[in-house]
Amino acid sequence: QTRSLLGVFEEDAAAISNYINQLFQAMHRIYDAQNELSAATHLTSKLLKEYEKQRFPLGGDDEVMTSTLQQFAKVIDELSSCHAVLSTQLADAMMFPITQFKERDLKEILTLKEVFQIASNDHDAAITRYSRLSKRKENEKIKAEVTEDVYTSRKKQHQTMMHYFCALNTLQYKKKISLLEPLLGYMQAQISFFKMGSENLTEQLEEFLTNIGTSVQNVRREMDCEVENMQQTIEDLEVASDPLYLPDPDPTKFPAHRNLTRKAGYLNARNKTGLVSSSWERQFYFTQGGNLMSQARGDVAGGLVMDIDNCSVMAVDCEDRRYCFQITSFDGKKSSILQAESKKDYEEWICTINNISKQIYLSENPEEIAARVNQSALEAVTPSPSFQQRHESLRPAVQSRPPAARTSSTGSLGSDSAALSALSLDSLVAPDTPIQFDIISPVSEDLPGQAKSSGQSGRRTNPFGESGGSKPETEDSILHQLFIVRFLGSMEVRCDESPDVVYETMRQILAARAIHNVFRMTESHLLVTCDCLKLIDPQTQVTRLRFPLPNVVLYATHQENKRLFGFVLRTSGGRVESRQTSICYIFESNNEGEKICDSVGLAKQIALHAELDRKASEKQKEIDRVKEKQQKELNKQKQIEKDLEEQSRLIAASSRSNQSSTEGQFVVLSSSQSEDSDLGEDGKKKRESEA
């Protein structure tokens, strides 16, 4: 019965211990939270005091906000002090009693339980030994030891049991105390805290809080109104921007802006990774004045890519990608290939870079000037319905024109010069004249009177001289100058007397390119020699076109854009027609238009001097031939006279010898006749045969 009752008390003590542990953890969380709240409140007050020292990028100096936060910091600092006092009271009145009960009383029950269990086990062992005493042979000594052991263990068990039972009974009272005392301390600490809070929250503070609440409500209403406006703006933008979500919108609905002098957007840049391999990197590009800048994602600022003042831009075919264009610096030393996302961006980038290269952005109203230039070009040009006319083979003209001097003027592309005011446009360029924008096929022409050798057409040409079995036709030329040019177009002209023809052709070709969105240009090497001008493919070194230098009757560079130059070539009209036609060719160079014109002028001067020297040499040779012929005639006459004199002497000598031989003949004849008469018939025949 005692053991059963003891089991009930031990079970109750275990339940109390489990419950007290849970309650201790909950109260400890309250205490930790209060400590954390006190520290957080103090930190909040400190940060509010430091607000006036902050420098926000989007916020200016707001004195009202600063003073308000300082007032809040003062109140929160007082609340922080109250929280610190509350934390101390919770530690003393709540945590200390329950900790004492848990660490002292409950552990005492566990210790007594272990001691009672040991004493009970020792008593059972002593009783077992005592029960084993033999009844036959009684050893007094052993019996005394066992009896003493039983006595000691039974006494110890009884004493331990009494202390253990007393502790279990006392635990029922301590349980009530350990539950009520911490709760009492918690409530008293909270009441004290609330009293201190009510003392700090005066009527003045309540009025302050009321004003702040009103201000917050006003700010909230403004925010709601602004959010509503932004939501409406977002809806309108979503409706308006729906077609723009396409990567390549319809150019008819969204035409390209050609008057821009600033442009920004994402482009794919080509980077060479090897001899034949390359990679593409997407970056943000933008123009800044006359510079093209790029900025990778995550960079703070952009970096310079290229100076695009006086640069050239053209469309290129690059691998299997669309909308690619190439930008080349004015000196030709640096180039970059970029890819746009859509055709609209592609055209706008090319037009923008073209406008910047003309330095329109330096004016006060750059977009207005660009629009005016483009509008004047659109009004002046007479586009042809077909641009597919093939290039007719150039045939050298029979008559050569004296070298034309390179001219320069001060007009602009869209302005009218004094010469243009005197000459009508129809007298310069015929209306509806087809324009050829590209070189159709490689052509190699011969000089007059020279036959084309087999395999000469399309032959690779070394612009700096060739070596081998075949001798190049320009090997004897003392002038070899090579320039990088891009073919803009060519068209037939009516007049080749004035450089205004070249200016008008430039204007019409550039305007036609702008109207028909023709941005592609064929890059070639222009070789200037004393005999001809050659367009050579830079990749294959094949001669694309050959222009005999005597047929180049006029050449000029643009008045303002020195990268543009052109020349007029006079050719025969064809195999059937005998009339001569003039074709104007327009090119773009890397800011070397004047150099090319100077080189052509030098070549024509050298050719002129060479022609004059050749004619003088031929005239001198003719005079030498005439003198030599006269000398030969004189020598012949002298030889004839000498022969006649010799003949006369021979005749005189022969006449004298004939006389002497006649006399001897008569003597011989007489003697022979006498002998013949003596010899008879046979002797005569023998003598005749000997004779």
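Just so we're aligned: 970 in the numbering used here is position 82 of the sequence shown, and the numbers increase by one with no gaps anywhere. Glycine included, every Cβ here is placed at the ideal spot set by N, Cα and C.
What is the residue span of the beta strand (DSSP E) that residue i lies within?
i     : result
I1474 : Q1468 to S1477
A1444 : V1440 to T1445
T932  : Not the beta strand (DSSP E): T932 falls in the alpha helix (DSSP H), residues T890 to K937.
H1413 : T1410 to V1416
V1193 : G1191 to D1195
Q1214 : C1212 to T1216
N1159 : A1152 to K1160
L1582 : No answer is possible for residue 1582: the residues shown for the chain start at 889 and end at 1579.
For residue i, does the three-state DSSP call read helix, strand or coil?
i     : result
K1221 : coil
Y1173 : strand
P1137 : coil
I1327 : coil
E1207 : coil
D950  : coil
V1286 : Any answer about V1286 is weak, because its pLDDT of 32 lies below 50 and its placement is not dependable; what the coordinates show is given next. In this structure, V1286 counts as coil in the three-state DSSP scheme.
P1291 : Annotation note: pLDDT 39 at P1291 (below 50); position unreliable, no value reported.
F1455 : strand
L988  : Residue 988 is actually Gln in this sequence, not Leu. It is helical.
I1424 : strand
N1523 : helix
S1487 : helix
Relative to the C-alpha of residue i, which residue among the options is closest?
i     : options                       : result
L931  : D965, V1034, V1003 and M1084  : D965
A1491 : E1480, S1505 and D1419        : D1419
A1400 : C1383, D1388 and G1377        : G1377
D922  : E899, T1393, R943 and L974    : Checking the sequence shown, residue 922 turns out to be Gln, not Asp. With distances taken between Cα atoms, Q922 lies closest to L974.
T1216 : I1196, L1522, E898 and E1516  : I1196
F984  : D1010, M915, N1027 and L967   : M915
L859  : R1042, Q959 and Y1052         : Because residue 859 is not part of the residues shown, which for the chain are 889 to 1579, the question remains open.
H1327 : L1370, R1374 and H1368        : Looking at the sequence provided, one finds Ile at residue 1327 rather than His. It is R1374.
I904  : F1371, L1067, V1115 and K1530 : L1067
L936  : V963, L1056 and F1453         : V963
V952  : D1486, I1100 and H1368        : I1100
E1392 : I1323, T1417, I1030 and K1031 : I1323
R859  : Q1176, N1147 and F1172        : Because the chain spans 889 through 1579 in this model, residue 859 falls outside it and cannot be assessed.
S1167 : Q1227, Q977 and R1408         : Q1227
L1155 : T1445, K1023 and Q1214        : Q1214
Hey, would you say residue i sits closer than 8 Å to residue j, going by beta carbons?
i     : j     : result
E1229 : P1135 : yes
I1238 : V1204 : no
N1405 : D1219 : no
N1198 : S1245 : yes
D1388 : S1470 : no
A1157 : E1169 : yes
T1098 : T1240 : no
L1421 : L1437 : yes
G1190 : F1174 : yes
R1017 : D1037 : yes
M1379 : T1321 : yes
I1474 : L1452 : yes
I997  : L911  : no
E898  : K1001 : yes
CB of residue i to nearest heavy atom of the ligand ADP: below 7 Å?
i     : result
T1175 : Of ligands this structure carries none, so the ligand ADP is not represented either.
Along the alpha helix (DSSP H) that carries residue i, what are the first and last residues, could you check?
i     : result
R1401 : D1388 to I1403
V1188 : From DSSP, V1188 is part of no alpha helix (DSSP H); its letter is neither H nor E.
R1374 : Run containing R1374: none in the alpha helix (DSSP H); it sits in the beta strand (DSSP E), Q1369 to V1381.
L1132 : It is not in any alpha helix (DSSP H) - L1132 carries neither H nor E in the DSSP assignment.
R1042 : E1028 to N1088
R1017 : L994 to S1019
T1240 : K1231 to S1245
Count the other CB atoms, across all protein chains shown, that sit within 10 Å of the CB of residue i; report buried if there are 16 or more and exposed otherwise.
i     : result
G1162 : exposed
Y1061 : exposed
A1293 : The predicted position of A1293 is uncertain, since its pLDDT is 38 and thus under 50; a value taken from the coordinates is nonetheless stated next. It counts as exposed.
V896  : exposed
K1586 : The shown model of the chain, from 889 to 1579, leaves out residue 1586, and the question about it has no answer.
G1073 : buried
R1108 : exposed
N1088 : exposed
T1090 : exposed
G1481 : buried
Q1447 : buried
A1184 : exposed
S1342 : Bear in mind that a pLDDT of 34 at S1342, under 50, signals an unreliable position, so the model cannot answer this.
I856  : With the chain represented from 889 up to 1579, any question about residue 856 goes unanswered, as that position is not in the structure.
V1188 : exposed
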